[in-house]
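Numbering (our numbering), first residue to last: 57 to 459.
Just so it is clear, CB atoms sit at the ideal spot from N, CA and C, and this is done for glycine as well.
Remember, it's a predicted structure, so these values are computed and weren't measured experimentally.
Report on one structure; see the data block that follows.
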Ligand code: FAD
C-alpha cells in the first residue's frame with residue numbers, strides 16, 4: 057500500500073495529514089513527532105496557557121481519537137534520525153520505515169544563550185514547546201524577578217504574562233528598539249508605552265553580557281552597559297532557526313530553511329516541506345513565515361499536491377499577538393515600506409498602515425478588528441487605501457472595499 061510519512065507532529069504536520077484524508081487518500085499515513093504529546097497549538101503557550109487560564113487539553117489541535125479514527129499512525133516521542141532519499145527510508149531509534157512520499161514539517165528551534173555565558177544555568181528558559189512552559193510556569197509567581205532577553209513578540213508576550221502574575225520584569229533588547237525586526241517605530245512606541253504602564257522595565261540598545269549563578273541556578277544578569285539585574289529566572293526570546301538538520305544531511309537544498317517550490321516540493325521530487333522549516337517563493341522573493349496561518353495553508357496545499365493537484369501556494373500573511381488587554385492583528389508583509397499612516401480612534405483603537413509609496417503593504421491594528429479586516433482584504437486584492445481617509449478616525453473604512 058502507498059505510504060506517506062510526515063516528520064514533525066506540530067501545526068503543519070497535523071494539518072497535512074488531516075488534509076490527505078479529507079482529499080480521500082486511502083493509503084497508509086504515519087505522522088512522527090519527537091514531542092511526547094498529540095499535535096497542539098503553540099500561540100497560547102506565551103499567552104493564556106502560561107497565565108494558567110487554559111487547560112492543556114484545549115491546546116490539542118484535534119483529540120487523540122481523530123488519528124485512530126482516520127487510520128493515521130501517530131508515533132510520538134520519537135525522533136527521526138536520518139532520511140535516505142535513495143532508498144526512500146526514514147530511520148528512527150529502533151526501526152526503519154519505507155515511504156513513497158515524505159513531508160518535512162519539522163518547525164524550528166529556539167536560539168539559546170551559550171553555556172559559556174550562563175545559558176545552561178537552572179532557571180533559564182526558552183519558550184517553544186509545551187514542556188518549556190510546564191517547566192517555567194511554577195516560577196512565574198507574584199514577587200519573583202525575571203529578565204526577559206529579546207523584545208520580539210514572544211518576549212513581549214512573556215513580559216505581559218509575567219507582569220500580570222506580579223513578577224518584576226526587566227526586558228532587554230539589543231537593537232535600538234523593541235520589535236525592530238518586524239514593525240515600524242510607531243508600533244514599537246505603542247508597545248513600549250503599554251508595557252511601561254504595566255510596570256515592565258524595558259531597556260533598549262542593551263544586550264546581555266552574561267548570566268551568573270549560585271549552586272547552578274541563575275541569580276544575576278550582567279548587561280552590556282555594565283549594570284546588573286538580580287533575577288529568579290530568565291526567559292530567552294531571541295528568535296528561532298528553521299529545523300533543517302535532517303533535510304541537510306539528506307542532501308536537500310537549503311535556502312533560509314528547506315527550499316520548497318511554489319507547490320511545496322523540495323529539491324527531491326518525493327519530499328515536501330511546509331511550515332516554519334520551509335522557505336518558498338513569494339512575489340519576487342523567497343521568504344519563510346513563522347506563523348500558524350502559514351503552517352496550515354502551506355501544509356494543506358502540499359498535501360493536495362502530494363496527491364497530484366499541481367496547486368500553487370499563494371501566501372496571505374497574517375499574524376496576531378495578545379498582550380494585556382490589547383489584541384494586535386497584522387495583515388500583509390511590511391518589507392519595503394517607506395511611510396506609515398496612523399489611524400488613532402477615539403475609543404482607544406489604533407492602527408498603523410504601512411505603504412511603499414502609495415501602495416498599502418501591511419497593517420498593524422490594535423483592538424481594531426475593522427481596520428485589520430479592511431486592510432487585509434485590500435492587501436490580498438493588491439489594492440491600496442487613500443491615506444487621508446485612513447488617517448481620519450471618523451471616516452468609515454468600509455467604502456474602501458467598494459471603491
Ligand atoms: P511546530 O509547530 O514547531 O512543529 C514541528 C514539530 O516537529 C515539533 O513538535 C518538533 O518537535 C517536531 N520535530 C522536529 N524535528 C523532528 C524529528 N527529527 N523527528 C520527529 N519530530 C521532529 N504564530 C501565530 O500565527 N500567532 C501567534 O500568536 C503565535 N504565537 C506563538 C507563541 C509561541 C510561544 C510560539 C513558540 C510560537 C508562536 N507562533 C505564533 C508561531 C507558530 O506557533 C508556528 O509558526 C507554528 O507552530 C509552526 O508550525 P510547524 O508545524 O511548522 O512547527
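Worksheet item: Under the DSSP definition of a beta bridge, which residues are partnered with residue 154?
Response: Residue mapping note: residue 154 aligns to position 98 of the chain shown, counting from 1. Paired residue(s): 145.
Fill in: Beta-bridge pairing of residue 335 - partner residues as DSSP gives them
As a first step, residue 335 is located in the chain shown; it is residue number 279 there, counting from the start. According to DSSP, which records beta bridges pairwise, residue 335 is partnered with 315.
Discussion item. Quick check: residue 167 and residue 297, are their CB atoms within less than 8 angstroms of each other?
Written reply: Locating residue 167 in the chain shown gives position 111, where the first residue counts as 1. Locating residue 297 in the chain shown gives position 241, where the first residue counts as 1. Yes; because the gap between Cβ atoms is below 8 angstroms, this pair is in contact.
Worksheet item: Which first and last residues belong to the beta strand (DSSP E) in which residue 395 is found?
Response: Taking the chain shown and counting its residues from 1, the one referred to as residue 395 is at position 339. In the DSSP assignment, residue 395 falls within the beta strand (DSSP E) that extends over 395 to 400.
Fill in: residue 136 versus 154, 121, 120, residue with shortest Cα-Cα distance
Looking up residue 136 in the chain shown gives position 80. Nearest to residue 136 by alpha-carbon distance, out of 154, 121, 120, is 154.
Practice prompt. Count the other C-beta atoms from every protein chain shown that fall within 10 angstroms of the C-beta of residue 461, then say buried if there are 16 or more, exposed otherwise.
Written response: Residue 461 cannot be examined here, being either before or after the span of the chain that is shown, 57 to 459.
Worksheet item: Going by the C-beta, is residue 348 closer than 7 angstroms to any heavy atom of the ligand FAD?
Response: Counting from 1 along the chain shown, the entry for residue 348 is found at position 292. The answer is yes for residue 348.
Fill in: Segment limits, alpha helix (DSSP H) that includes residue 78
In the chain shown, residue 78 corresponds to position 22, counting from 1. It spans 67 to 78 - the alpha helix (DSSP H) in which residue 78 sits, taken as one unbroken run.
Discussion item. For chain C, check one thing: does any of its Cβ atoms lie closer than 8 angstroms to the Cβ of residue 285?
Written reply: Going by chain labels, chain C is absent from the structure shown, which holds only one protein chain.
Worksheet item: Which runs of the beta strand (DSSP E) fall wholly inside the stretch 172 to 198 and span at least 3 residues, in chain order?
Response: Counting only runs of 3+ residues, the beta strand (DSSP E) found wholly inside the stretch 172 to 198 occupies 180 to 182, in chain order.
Worksheet item: Taking the beta strand (DSSP E) that residue 454 falls in, what are its first and last residues?
Response: Position 398 of the chain shown, counted from the start, is the residue given in the question as residue 454. In the DSSP assignment, residue 454 falls outside any beta strand (DSSP E), carrying neither H nor E.
Worksheet item: Which residues mark the beginning and the end of the alpha helix (DSSP H) in which residue 443 is found?
Response: Here residue 443 refers to the residue found at position 387 when the chain shown is read from its first residue. Looking at the DSSP string, the run of the alpha helix (DSSP H) that includes residue 443 is 443 to 447.
Worksheet item: How is residue 275 classed by DSSP in three states: helix, strand or coil?
Response: Position 219 of the chain shown, counted from the first residue, corresponds to residue 275. Residue 275: strand per DSSP, three-state reduction.
Worksheet item: Nearest-angstrom Cα distance between residue 235 and residue 356?
Response: Position 179 of the chain shown, counted from the first residue, corresponds to residue 235. Position 300 of the chain shown, counted from the first residue, corresponds to residue 356. Cα atoms of residue 235 and residue 356: separation of roughly 30 angstroms, rounded to the nearest angstrom.
Fill in: residue 375: CB within 7 angstroms of a non-hydrogen atom of the ligand FAD
Here residue 375 refers to the residue found at position 319 of the chain shown. True, at least one ligand heavy atom lies under 7 angstroms from that Cβ.
Worksheet item: Are the beta-carbon atoms belonging to residue 253 and residue 319 less than 8 angstroms from one another?
Response: As a position in the chain shown, residue 253 is number 197, starting the count at 1. As a position in the chain shown, residue 319 is number 263, starting the count at 1. No, the pair does not count as a contact, with Cβ atoms beyond the cut-off.
Practice prompt. Assuming residue 389 and residue 422 form a contact by the criterion Cβ under 8 angstroms, report the distance between their Cβ atoms to the nearest whole angstrom.
Written response: Numbered from its first residue, the chain shown carries residue 389 at position 333. Numbered from its first residue, the chain shown carries residue 422 at position 366. Contact doesn't hold; Cβ gap of about 18 angstroms is too wide.
Worksheet item: Which residues share a DSSP beta bridge with residue 59?
Response: Along the chain shown, one-based indexing puts residue 59 at 3. In the DSSP output, where bridge partners are listed per residue, residue 59 has 84.
Worksheet item: Once you ignore the five residues that flank residue 263 on each side, which residues in its own chain have a CB closer than 6 angstroms to its CB?
Response: Mapped onto the chain shown, residue 263 falls at position 207. Within the same chain, residue 263 has close Cβ partners 230, 280.
Fill in: Reduced DSSP category for residue 347 - H, G, I as helix; E, B as strand; rest coil
Within the chain shown, the letter at position 291 stands for residue 347. Reduced to three states, the DSSP call for residue 347 is coil.
Worksheet item: Under the rule that 16 or more other beta-carbon atoms within 10 Å means buried, what is residue 381, buried or exposed?
Response: Here the question's residue 381 lines up with position 325 in the chain shown. By the beta-carbon neighbour count (other beta carbons within 10 angstroms, threshold 16), residue 381 is exposed.
Practice prompt. For residue 369, collect the residues of the same chain with a Cβ closer than 8 angstroms to its Cβ; drop the 5 residues on either side in sequence, then sort them by chain order.
Written response: In the chain shown, residue 369 corresponds to position 313, counting from 1. In its chain, beyond the 5 residues on either side, 318, 319, 320, 336, 353, 354, 357, 358 have a beta carbon closer than 8 angstroms to the beta carbon of residue 369.
Worksheet item: What are the complete beta strand (DSSP E) segments, minimum 3 residues, inside the stretch 347 to 383?
Response: Counting whole runs of 3 or more residues, the stretch 347 to 383 contains the beta strand (DSSP E) stretches 374 to 379.
Worksheet entry | Identity of the residues DSSP links to residue 166 by a beta bridge | As a first step, residue 166 is located in the chain shown; it is residue number 110 there, counting from the start. Residue 166 pairs with 296.
Worksheet item: Helix or strand or just coil, what does DSSP make of residue 428?
Response: As a first step, residue 428 is located in the chain shown; it is residue number 372 there, counting from the start. Here residue 428 sits in helix by DSSP.
Fill in: The beta strand (DSSP E) enclosing residue 246, as first and last residue numbers
Here the question's residue 246 lines up with position 190 in the chain shown. That residue, residue 246, is in no beta strand (DSSP E); its alpha helix (DSSP H) goes 241 to 253.
Worksheet item: From residue 88 to residue 322, what does the alpha carbon distance come to, in whole angstroms?
Response: For the purposes of this step, residue 88 is taken as residue 32 along the chain shown, with counting starting at 1. For the purposes of this step, residue 322 is taken as residue 266 along the chain shown, with counting starting at 1. Their backbone Cα atoms lie some 19 angstroms apart in a straight line.
Worksheet item: Cα separation between residue 397 and residue 413?
Response: Working through the chain shown from its first residue, we reach residue 397 at position 341. Working through the chain shown from its first residue, we reach residue 413 at position 357. Distance between the alpha carbons of residue 397 and residue 413 is about 11 angstroms.
Discussion item. Under 8 angstroms: do the stretch 235 to 251 and the stretch 141 to 148 share three or more Cβ pairs, one atom per stretch?
Written reply: Not touching, per the Cβ criterion.
Worksheet item: From residue 324 to residue 141, what does the alpha carbon distance come to, in whole angstroms?
Response: The residue labelled residue 324 in the question sits at position 268 within the chain shown. The residue labelled residue 141 in the question sits at position 85 within the chain shown. If I take the Cα positions, the gap works out to 8 angstroms.
Discussion item. Is residue 445 a contact residue of the ligand FAD, with contact defined as CB to any heavy atom under 7 angstroms?
Written reply: For the purposes of this step, residue 445 is taken as the residue at position 389 of the chain shown. Incorrect: residue 445 has no Cβ contact closer than 7 angstroms to the ligand FAD.
Worksheet item: residue 65: beta carbon under 7 angstroms from a heavy atom of the ligand FAD?
Response: Sequence index remark: in the chain shown, residue 65 carries index 9 (1-based). Yes.
Fill in: Helix, strand or coil at residue 160 according to DSSP, with G and I counted as helix
Position 104 of the chain shown, counted from the start, is the residue given in the question as residue 160. In the three-state DSSP reduction, residue 160 falls in the strand class (E or B).
Item to complete: Return yes when at least one heavy atom of the ligand FAD lies under 7 angstroms from the C-beta of residue 299, else no.
Response: Here residue 299 refers to the residue found at position 243 when the chain shown is read from its first residue. Answer for residue 299: yes, Cβ within range of the ligand FAD.
Worksheet item: Per DSSP, which one or two residues make a beta bridge with residue 260?
Response: As a working mapping, residue 260 is identified with position 204 in the chain shown. Answer by DSSP bridge pairing, in chain order: 229.
Worksheet item: Looking only at its own chain, which residues have a Cβ that is under 7 angstroms from the Cβ of residue 198, when we skip the five neighbours before and after it?
Response: Position 142 of the chain shown, counting from 1, holds the residue named residue 198. These residues qualify, in order along the chain: 221, 222.
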